[in-house]
Each structure stands twice: as structure tokens, then as C-alpha cells.
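These notes concern the structure reproduced below.
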Amino acid sequence: MWPDLRNLGGLQKIHFLRRTKLAQRGLATNRCAFNFSLPKIDPLSRQVQMVIKAEQFQLDPNSEGTLQQQVQQLVCDGVLSGRFLSGERMPSSRKLADWLGVSRITVTLAYAELVANDYLTSRGRSGYFISTSAPPPHVGQIRLPVPNTVDWQKTLAKRYVNQSSLVRPPDWKDYPYPFIYGQPDAGLFDHDNWRRCAIEALGRKNFDSMTKDAYEQDDPKLVEYIVRNILPRRGIWARSDEVLITMGAQNALWLCSQILLGENRFAAIENPCYPGIRDILREAACKVAQVDVDDNGLPPERLPAEVDVVFTTASHQCPTNTTMSIDRRRDFLKKSIRNGFVVVEDDYEFEMAFQRAPTPALKSLDRAGTVVYIGSFSKSLFPGLRLGYIVGAPALIEEARALRSLVFRHPPGQLQRTTAYFLSMGYHDTMINRIGQAYRRRRSVMEKAIRDNNLKISSRLDQGGSSFWMRAPPGINTSALARELRNSGVVIEQGRAFFGPEQENHDYYRLAYSSIPSAKIPEGIRRIAAAMR
Numbered sequence: 001m002w003p004d005l006r007n008l009g010g011l012q013k014i015h016f017l018r019r020t021k022l023a024q025r026g027l028a029t030n031r032c033a034f035n036f037s038l039p040k041i042d043p044l045s046r047q048v049q050m051v052i053k054a055e056q057f058q059l060d061p062n063s064e065g066t067l068q069q070q071v072q073q074l075v076c077d078g079v080l081s082g083r084f085l086s087g088e089r090m091p092s093s094r095k096l097a098d099w100l101g102v103s104r105i106t107v108t109l110a111y112a113e114l115v116a117n118d119y120l121t122s123r124g125r126s127g128y129f130i131s132t133s134a135p136p137p138h139v140g141q142i143r144l145p146v147p148n149t150v151d152w153q154k155t156l157a158k159r160y161v162n163q164s165s166l167v168r169p170p171d172w173k174d175y176p177y178p179f180i181y182g183q184p185d186a187g188l189f190d191h192d193n194w195r196r197c198a199i200e201a202l203g204r205k206n207f208d209s210m211t212k213d214a215y216e217q218d219d220p221k222l223v224e225y226i227v228r229n230i231l232p233r234r235g236i237w238a239r240s241d242e243v244l245i246t247m248g249a250q251n252a253l254w255l256c257s258q259i260l261l262g263e264n265r266f267a268a269i270e271n272p273c274y275p276g277i278r279d280i281l282r283e284a285a286c287k288v289a290q291v292d293v294d295d296n297g298l299p300p301e302r303l304p305a306e307v308d309v310v311f312t313t314a315s316h317q318c319p320t321n322t323t324m325s326i327d328r329r330r331d332f333l334k335k336s337i338r339n340g341f342v343v344v345e346d347d348y349e350f351e352m353a354f355q356r357a358p359t360p361a362l363k364s365l366d367r368a369g370t371v372v373y374i375g376s377f378s379k380s381l382f383p384g385l386r387l388g389y390i391v392g393a394p395a396l397i398e399e400a401r402a403l404r405s406l407v408f409r410h411p412p413g414q415l416q417r418t419t420a421y422f423l424s425m426g427y428h429d430t431m432i433n434r435i436g437q438a439y440r441r442r443r444s445v446m447e448k449a450i451r452d453n454n455l456k457i458s459s460r461l462d463q464g465g466s467s468f469w470m471r472a473p474p475g476i477n478t479s480a481l482a483r484e485l486r487n488s489g490v491v492i493e494q495g496r497a498f499f500g501p502e503q504e505n506h507d508y509y510r511l512a513y514s515s516i517p518s519a520k521i522p523e524g525i526r527r528i529a530a531a532m533r
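Numbering (full-length UniProt numbering), first residue to last: 1 to 533.
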């Protein structure tokens, strides 16, 4: 039986014709024989038709009513909860009866009643489908199988909600003027080549890297590229046993904090700083000192004498964008040797230093092994990738690897291999150049709009990156400003989250341009300025 090509989507049609030609030429082998099955097509919607599996139904032995009524109730609950959607095909009466252990006539009668009540529709030999006029999903109508009798407010031993994370609406993409940091512009991403690399990573040659449990080991191709290509660009030379792949920079920071800190240890962080590090250190149960940064980054002379670990964003301070000078870096490292503390360097967004050549990483000057280096692909690829890495002494990496295995063995092998191909084939470098050009244009437009509207930039303008650290006029509460601007379609990041909990600092805010096109920037800045008047 040949399928009707008019009912096939583009990819299905190509797939069908390709297999047909192979069969006609006699090229079909065991691997590509002409015995494929196409997804069922709904001729009304011409969309791939989802089939509800019989295994999704479970009879409750404590339910009241006849078996027929119970089957009806299962279908109604699925529709009202939104689990079963309009147009989806129900399992056949025979399959559902076999699965539930009831007679087929019981299911058939239940289906007939559901058709009468407009939950299902019958299409002859095609079977039964969720009706297009079935009642809409309504959570309030779902029968809860088990009452919730646990007092979770008393049961929870630890609380993580309402920590000092950045406040941004989850639907920020729906706003016309999103000045949100760290979010990608889909128009700048190399979708075609990423897809090619993903397909290559899914191939037979790479089957093991995708499917096997590598236990605690990382993808050797990705580690090799980091060691031979990425780290040397930052002036760092390392061996493969000095690198650990993580689920992003935040996971790397957590691993370092858990290994290096504890109740009797002392950590120092920048102020302001990346909000996530405060939450991470809170879980490490250590003492924390906040050191105010200046126009040159973190001043080493302000560090407490008894500090054990210092966390810094030396090359691109978060969120002020300042860069620590070479002289200060040398003083910083001398003090780390003299006082015996470890430095954890978060070298985020170094690829975006398009204003001038990036300053070498702090670790590139490290001659005593006191610096633990953290990198990430979140800014140069996309944040949803969640891949980063730690570079440190083999003893540290060994412990971090063991700790990581308690949470997850390793990041997904297919993601690691896809990333390794994307990097090694040069697609990443080409894309970074394209992103840098786009960011340079956006930054120029944004600088002009900021000047034209008399807004104040609080950080230097020669560092590149993808954001501005701004200061509001006296009397303006940026937390309230951020809420007000959403009504005008503008999303900004209020600066309060970057400061310690004891500091009610509402003077600053951050404007980023990675996810907003140049044409929208002037109007967005104008609306921000208007809200401050």
C-alpha cells in the first residue's frame, strides 16, 4: 500500500522518494531495505498523529464503580488534565483490554459512551481519537489518587527557594525590548553546521561515545581540543589529566567550593559579583568575606589575611566588566603564595572581547599552581548546552571527578562529542567572528542611544563583552524600575542581586544586547530613560 504523497510532510516525502529510488536501483540492503514505516498522518490536519499508549492507563483497585465506568474515568482524566490532546489516537480496544486485564467488550462499551459524551470520535477502521470538541483541560477537575498528608514545610530539611538569583520574567522573549544578559540570538547561531555535527556524533562511528556509560571519564576529543586549542589562547598550558568537563561554569564553581571549603574555611568573593556564587558558598558552610571592587577589579590588599580561597572574575569582572591589570594580577598571585590561599578564576565570556585583544587569563601568570581555572561554552555557543570545564592540579581534578560522579557520572556523551566536532571543524571560530561583528554594531548603537538619552554607564567602555553596567540617577530604585518597565515591554536586570544580602543597593542595573536586534535598541533605551524622569 503506497502512502498518499499529498498527506506527507516535506521530510517524510524526501525520505519516501529516496527509499523508493534505492529500491528501484536494487541498492536496498539490510540496512536500508524498503520496509520502513511512516508515522500515521491525520488527513484533516496533515500533522504527524500521536498514538496514546495502552501503558498510560492504570486501573485503581480502590476505585468505585464498574470496570466500564473506570475506563471512562481514565480517559476523561487524561483529557481534562491535558495529557491527552485533541486528535490523538486511542489504543485499540483489544490492546487496552489486554493491558488492563478486562474484557474487550468492556472497553468497547466505554469507548461508545465516551463518543456519546464527545470525549472521543470514531473514524471507522482508523479507530478512536480524542475529539476536537472534547472539554478543554481543567486541572481542577482531576481526581487526585492519593491525598497529600505530608507537611512539607516541616519535612524539608533545607531550603533553596528565594535565593539571590537574578529576577527576570520566564517569558522575557515575548517582550519587544529584552536587555537580558547571556541569552543567545538564534539568528547568529550556526544551525546548519551544528546539525551536521550532531548527526556525525549520532553515527555508528561515534555510537560508543553516545551510548556507553563512561563512568567518570570525559570525551577525549573534547578534552584534547580544550587542552590543545582553547587553553593556549588564554596563555594556559595543561595536560588532559588536569581538565574536568562540567555541566557549565556554575557546576564547576559548586565542585570547587565543595572540595576546597567547609565549616572551618574562609572564602573571599568580589562585591558586586555573580549572584550564584553566594548561594553556592552558603551551601559550603564556610565564612565569606565580600571585597569591594574598584575600576581595576579586585584589590588584593583588601583581602583578609586568613582567607583560604578567593573567587574572582579577573579578566571580565561580573557585573562591572572591569579588567584586572597585569601589575595587579602579579601582586595578587604573589599574595596567594605568601598567604597560602587558592584562587578560583571564572574566565567567562573571554571570547567576546571584540573591543581589543583579551587580556591573558590570571592562570597564565601562575607559576605556583595556586589558580584553579574555570571556563564555559555557555556564552560562545548557547547557555542551554550546559558544558564547562575546570583546569587544575591532578589531585584537585581527581577529587572533583569523584564528587561529580556522586551527582552524575559525566555530561551526556552525545553533547560532548557534538561540541568537540563543532569546535575542531572550525565552525565555532567562524561563528564567534560573526557574533563579534554583530555585537560590535549593537554596542555602537547602544552607546549612542545611551548618550542621546543621558543615561550613565558605570563601567569602562574598552572591555568588549555583551553588557553595560549602569547607574541610575539619585532617588531611582532600580528594582521598582525593572518592574515598571515590563509594562512598557522593556526587560532590564536590576542590580540588587549582585550585591550582598545586607546591602540594600538599588542604584545599579545591567543592560545587555546579545538577544535584542540593533533596530530595537534606540527605542528600548528611550523607554528606560522616560521611566526615570
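Idealized CB from N, CA, C, for every residue including glycine.
Beta-bridge partners of residue i, as assigned by DSSP
| i | result |
| --- | --- |
| residue 485 | The partner list for residue 485 (beta bridge, DSSP) is empty, contrary to what the question assumes. |
| residue 267 | 288, 309 |
| residue 244 | 390 |
| residue 120 | 130 |
| residue 457 | 470 |
| residue 342 | 309 |
| residue 294 | 297 |
Whether residue i touches residue j by CB criterion (8 Å)
| i | j | result |
| --- | --- | --- |
| residue 284 | residue 304 | no |
| residue 319 | residue 235 | no |
| residue 291 | residue 281 | no |
| residue 380 | residue 249 | no |
| residue 556 | residue 184 | Nothing can be reported for residue 556: it is not among the residues displayed for the chain, which extend from 1 to 533. |
| residue 79 | residue 119 | yes |
| residue 328 | residue 358 | no |
| residue 322 | residue 296 | yes |
| residue 343 | residue 307 | no |
| residue 86 | residue 126 | no |
| residue 174 | residue 397 | no |
| residue 424 | residue 225 | yes |
| residue 58 | residue 106 | no |
| residue 455 | residue 531 | no |
Residue i, DSSP secondary structure in three states
| i | result |
| --- | --- |
| residue 237 | coil |
| residue 180 | coil |
| residue 323 | coil |
| residue 408 | coil |
| residue 373 | strand |
| residue 365 | helix |
| residue 102 | coil |
| residue 217 | coil |
| residue 425 | coil |
| residue 42 | Any reading at residue 42 must be qualified, since the residue scores a pLDDT of 46, below 50, and its modelled position is unreliable; the value itself is stated next. Coil at residue 42, not helix or strand. |
| residue 281 | helix |
| residue 115 | helix |
| residue 349 | coil |
| residue 436 | helix |
| residue 382 | coil |
| residue 161 | coil |
| residue 253 | helix |
| residue 202 | coil |
| residue 151 | coil |
| residue 445 | helix |
| residue 212 | coil |
Buried or exposed (CB count within 10 angstroms, at least 16 for buried), residue i
| i | result |
| --- | --- |
| residue 521 | buried |
| residue 161 | exposed |
| residue 237 | exposed |
| residue 191 | exposed |
| residue 70 | buried |
| residue 404 | buried |
| residue 110 | buried |
| residue 368 | exposed |
| residue 345 | buried |
| residue 408 | exposed |
| residue 326 | exposed |
| residue 167 | exposed |
| residue 348 | buried |
| residue 384 | exposed |
| residue 180 | buried |
| residue 263 | exposed |
Short CB-CB distance (under 8 Å) between residue i and chain C
| i | result |
| --- | --- |
| residue 126 | In the displayed structure, chain C is absent; only one protein chain is listed. |
(request) Go through the region 49–94 residue by residue and report every complete run of the alpha helix (DSSP H) that reaches 4 residues or more, in order. (result) 67–80
(request) Identify every run of the beta strand (DSSP E) within the region 471–533, keeping only runs that are complete inside it and at least 3 residues long; order them along the chain. (result) Segments of the beta strand (DSSP E) lying fully in the region 471–533: 508–512.
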